[in-house]
Every structure is written in C-alpha cells, then in structure tokens.
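Numbering of the sequence shown is given in our numbering, commencing with residue 8 and proceeding in unit increments. Data first, discussion second: the structure below is written as structure tokens.
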Amino acid sequence: MGERLTLRVREKMFSAILRNEIGWFDDTNNTSSMLSSRLESDATLLRTIVVDRSTILLQNVGLVVASFIIAFILNWRITLVVLATYPLIISGHISEKLFMQGYGGNLSKAYLKANMLAGEAVSNMRTVAAFCSEEKVIDLYSRELVEPSRRSFSRGQIAGAFYGVSQFFIFSSYGLALWYGSVLMGKELASFKSVMKSFMVLIVTALAMGETLALAPDLLKGNQMAASVFEVLDRRTEVLGDIGEELTKVEGSIELRSVHFSYPSRPDVLLFRDFSLKVRSGKSMALVGQSGSGKSSVLSLILRFYDPTTGKVMIDGRDIKKLKIKSLRKHIGLVQQEPALFATSIYENILYGKDGSSEAEVIEAAKLANAHSFISALPEGYSTKVGERGVQLSGGQRQRVAIARAVLKNPEILLLDEATSALDVESERVVQQALDRLMKNRTTVLVAHRLSTIKNADEISVIQDGKIVEQGSHSSLIENRNGAYFKLINIQQQNTQQ
C-alpha cells in the first residue's frame, strides 16, 4: 500500500507540474531543483505519515478502547477516575500541535532552498570546479541550512517540553489510580486483586495513549506534506491547454497585433507596448536588436508560453488563445541556442520530434541535419547515450541532433533562437547548412546576432525599446547609414575585427 501511494502521488504531482504554464516555472519557488526535491521528499514523507504512522495510530486506538472496556469490567470506579484525567492529557497535545503549526513555518519549504542550491551545484559541477568554487558553494549551502536548522532545533525543544508535561500528567494518573484504589480497598469497595488488575490494564492504556500522542509531531509533518502536495495538485494553470479549437491545417502566416506584454515574474516592467509584427507564409523573418530588447520573447508569445496582457497573437488570422495548445504547438518547431537533450540515446532524442516515427525516418532526419555522419562514427551509433543535458556531445553535435528533431517533426512554422551563436566557425557552417535546408519553403522566425545568419532572411525587423524601429531586407536596410540596423551590423563587424 505504501509503495503504491508513493508511486501514485509522484505520478499525479509530476503530471500536475507539467500542466502548468511556462510563467509558473519562472517563480524562484518552482525551479527544477526545488520541484525535483518536492517530488522525492513530499511523496516519501506523506507515505511514512499516512501509511506507517496511521497503522500505529489505528493499532493504539484499538488497544486503548479494548483496555478501557476491560478496565471498566474489572473496576469501573478506578477507570472513571483515570478517564477523567485524559481530557487534560489530550488537550495538552492539541495545544502542542496548534502551537507547532504556527511556530517556525513550514520547514520542508525552508530546506528546499538548500536542496535547490545543491542541485544547481551538482548540475553545474564543471563551472564550480573550473572556478575553484567548491568551498564557496559549501559555505552558501551551510548558510542556507542555518535558519531552518535553528527553527527545527527550537521546535524540537518546545516539542520536548510539551512531551515532558504530557508524561507528567500520564504518570500522575498512575498515582491517582493507586491512591484511589487504596481508598476503595480501605472502604472494602474493591479487592486488592481487582485494583491491581485494573491498574495493570490502565498502564497498558496509558502507554498506548502516550505512544499515540507522541505521533503528534509526525502528524503535523504529514499535514504540511499533504498541504504541499495538494498545493501542486489543485493549482489551475492560467493557460488552459485543453480548451479551444483544433488547428488542423496551417499555411504559416503569423501576426502579433497591438501587443502589450510583461513577464509574470516582472509585471511592473512592460516589455512590449503596442507591438505589431507580420510574417508572411513560407517566408523568413529575422529579429535583431540589443540584448534584452524582446527578440526571444516574440518566439515565446508565438508558442504561447505566455499570453500578452492585451493584443493578439494570430496564426493564419486565428487568435491562438482560441486554439488548443497542443494543436498549436504540433505545427511549430523550435531550435534554441542551448538545445535541450535528455539523458538517453541520440535516437530517442531525435524521436522526441515525432513519436512513432520509423528508424528510416529518424536516420533521414539526421542526414538532413548533417548529423548522420558523426552519429555513425560513434562506437554505439544512434544508441549512444548523450549524458545529462547532452554533455557527451560537442556544442555543434548537440545542435545538429536538435535540428534533426525539428526536421523529424516537419513543422509548418520554424522558430530559431540564436541557433548558431554559441558555435565555432566550422560548426556554424555545418549547422547553418542544415538550417538553410530546414527553412526552405517554411515560415521561419529567427533570432540572431551574426550577419551570416540573418542576411539571407526575406525580411529583417529591428527591435528597440519594445517596438520595431526598422524593417526590410538586408540590402535595403544596410543602405540607411543612420539606421539602427546599420549601427548594429557596424558594431558587430568592429567586434569581429578586434
């Protein structure tokens, strides 16, 4: 039962996490490390409380009830006297639980920050080692543990004090029972034998009661774990993906009309103000501008990772808010600067593009992405494990695997986010050949800095301060020596020469 509960809770939590909109993951409380830690710890602790502790609780409740019945049969007078002390004992533990709920906050959430730091350090171990930052990271981790450890220590001291008081009441009830038994024997209302039998049964009752009440801190943790789990399960995503129309056929025209937008994590910073953009079907549009101007945000809006505050994002004249999210995204391919590869084989990573594709289709996609030759040269070929985040492959190899994934998907709309900016000259040449092949006769929106990537685009839009300040082909824009595009290209060429 316990293992089934753990499995079920983890499955439900993971499913609920993946249903959330992208903006939810921007929250510092919802980082990958913290969510992974919650998946592991919350389900395990919940199982411990619900299954293990509940079993002990039910066992002890049954024992207390049975013991009281036997004690009543043996000597009802002593039993009633002892029973009269139990409200005092129970109220003490209820007070403890109520006090502990309000004292120190939720410790599991406090420890999550330390877990997040540890997860980030391990996943970025090469950076930590390269900068000899091991001691610094250890110090940061220790500091994150100080406050929750202090609160946990204080909570433990208070729990111990409450436990001592409850034990005092329990042992006082023993003394009261013995004293009252002696009074009854003195008045010949009870025999020594019946008094001792009742007393021994009541000792068993008190021990069971004490063990049950000692579970109070664990039950408090169980309440916190349950609250943490249901916080994830009960949350309704702000971007409803299952409601809307199906998008079956796509020509590929894109329009952002009078868009105002700010990120949910920075609602006071308006990124786009009355922003408009049109991309013709089957044509390519390059977005250029200074870092932070909002180029990549345009791609996020097209994919509906975020919704604009006001305005519309449209595909073939249809507002994407009225479309089912999966129906929209299955027509869009994305290649990013840092391709997201999973810790499985190259074959499985390419297959993410279109589940159910044949081996021949996967290989053909790899060939079109200029990836087949290097994959075939590997000892295990397509079965080669790429490692966590693809660390076993070079940057150019990772990018070509990501392009192969996009080729396999065969989308009508292609989004390229700095797809070649992190590559060396030779890798860029090979990857750019694959991208040119992929972009052919396909609506493409590309974000780039390098002239070699953007100059062949059908149209180029220069974004500045949340608006498009220039638009046209490379040849027409470069003629305006006072224009923003000319200045950007000039700065880039100067940096290249240096």
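Beta carbons are placed, not taken as given, at the ideal position from N, Cα and C, and that holds for glycine.
Could you pull out every residue in the same chain whose Cβ sits closer than 8 angstroms to the Cβ of residue i, ignoring the five residues on either side in sequence?
i: Lys462; result: His481
i: Glu252; result: Arg325, Lys329, Leu330, Lys331, Ser334
i: Asp275; result: Ser269
i: Ile475; result: Phe282, Ser283, Leu284, Ser468, Val469
Hey, how far is the Cα of residue i from the Cα of residue j?
i: Val211; j: Met20; result: 41 angstroms
i: Ser198; j: Trp83; result: 13 angstroms
i: Thr450; j: Arg11; result: 47 angstroms
i: Val432; j: Val438; result: 10 angstroms
i: Glu195; j: Tyr187; result: 12 angstroms
i: Tyr170; j: Gln164; result: 10 angstroms
i: Phe349; j: Ile29; result: 19 angstroms
i: Ala50; j: Ser22; result: 14 angstroms
i: Val153; j: Met232; result: 22 angstroms
i: Ser61; j: Leu214; result: 17 angstroms
i: Thr255; j: Gly289; result: 17 angstroms
i: Gly167; j: Met192; result: 38 angstroms
i: Leu81; j: Val89; result: 14 angstroms
i: His379; j: Ser303; result: 29 angstroms
i: Thr391; j: Thr38; result: 29 angstroms
i: Ala182; j: Val68; result: Residue 182 is actually Gly in this sequence, not Ala. Looking at the two C-alpha atoms, the distance is approximately 23 angstroms.
i: Arg157; j: Glu151; result: 11 angstroms
i: Val393; j: Val414; result: 19 angstroms
i: Asn36; j: Asp146; result: 21 angstroms
i: Gly299; j: Gln471; result: 9 angstroms
i: Gly402; j: Ala455; result: 17 angstroms
i: Gly259; j: Leu495; result: 29 angstroms
i: Thr219; j: Arg162; result: 19 angstroms
i: Leu87; j: Arg242; result: 49 angstroms
Give every residue of the same chain whose Cβ lies closer than 7 angstroms to the Cβ of residue i, excluding the five residues on either side of it in the sequence, and list them in chain order.
i: Gly490; result: Glu477, Leu484
i: Ala128; result: Val135, Val144
i: Glu141; result: Val135
i: Leu442; result: Ile410, Leu423, Ala426
i: Arg396; result: Leu348
i: Thr244; result: Arg26, Asn27, Glu28
Pop quiz: residue i and residue j are said to be a contact at Cβ under 8 angstroms. What is the actual Cβ separation, rounded to whole angstroms?
i: Ile24; j: Leu52; result: About 18 angstroms separates the two Cβ atoms, so there is no contact after all.
i: Gly301; j: Leu278; result: 5 angstroms
i: Lys416; j: Gly360; result: 4 angstroms
i: Pro346; j: Arg405; result: 5 angstroms
i: His338; j: Val257; result: 5 angstroms
i: Ser283; j: Leu263; result: 6 angstroms
i: Tyr148; j: Ala125; result: 6 angstroms
i: Ile250; j: Ile420; result: Actually they are not in contact, since the Cβ atoms of Ile250 and Ile420 sit about 22 angstroms apart, beyond 8 angstroms.
So, at 6 angstroms on beta carbons, what are the nonlocal neighbours of residue i in its own chain, with the 5 sequence-adjacent residues on each side left out?
i: Ala234; result: none
i: Ser74; result: Val208, Val211, Thr212
i: Thr460; result: Thr427
i: Lys120; result: Glu151
i: Pro418; result: His338, Ile339, Gly340
For residue i versus residue j, is the C-beta distance shorter than 7 angstroms?
i: Ala411; j: Ile322; result: no
i: Gln440; j: Asn377; result: yes
i: Ile353; j: Tyr313; result: no
i: Leu400; j: Ala293; result: no
i: Gln344; j: Asp424; result: yes
i: Gly318; j: Val239; result: no
i: Ser205; j: Ala91; result: no
i: Ile382; j: Ala372; result: no
i: Leu458; j: Leu341; result: no
i: Arg488; j: Leu375; result: no
i: Leu95; j: Phe176; result: yes
i: Ala184; j: Ile76; result: no
i: Asp33; j: Ser272; result: yes
i: Leu46; j: Arg17; result: yes
i: Val71; j: Met216; result: yes
i: Ser291; j: Met123; result: no
i: Arg336; j: Gly473; result: no
i: Val320; j: Leu310; result: no
I'd like the span of the beta strand (DSSP E) that includes residue i, first residue to last.
i: Val454; result: 450-454
i: Gly30; result: Unbroken run through Gly30 is the alpha helix (DSSP H), 29-32; no beta strand (DSSP E).
i: Phe282; result: 279-286
i: Val276; result: Premise fails: Val276 is in no beta strand (DSSP E) and is neither H nor E.
i: Gln478; result: 474-479
i: Phe349; result: Note, Phe349: premise wrong, no beta strand (DSSP E); not H, not E.
i: Lys392; result: First-last for Lys392: undefined, no H or E at that position.
i: Leu375; result: Per DSSP, Leu375 belongs to no beta strand (DSSP E); it is in the alpha helix (DSSP H), 366-375.
Could you give the first and the last residue of the continuous alpha helix (DSSP H) run that contains residue i?
i: Ala168; result: 141-193
i: Val408; result: 402-416
i: Leu196; result: It is not in any alpha helix (DSSP H) - Leu196 carries neither H nor E in the DSSP assignment.
i: Val437; result: 432-446
i: Gln66; result: 61-81
i: Thr460; result: 458-461
Does the beta carbon of residue i sit closer than 7 angstroms to a beta carbon anywhere in chain D?
i: Asp146; result: The displayed structure is made up of one protein chain only, and chain D is not part of it.
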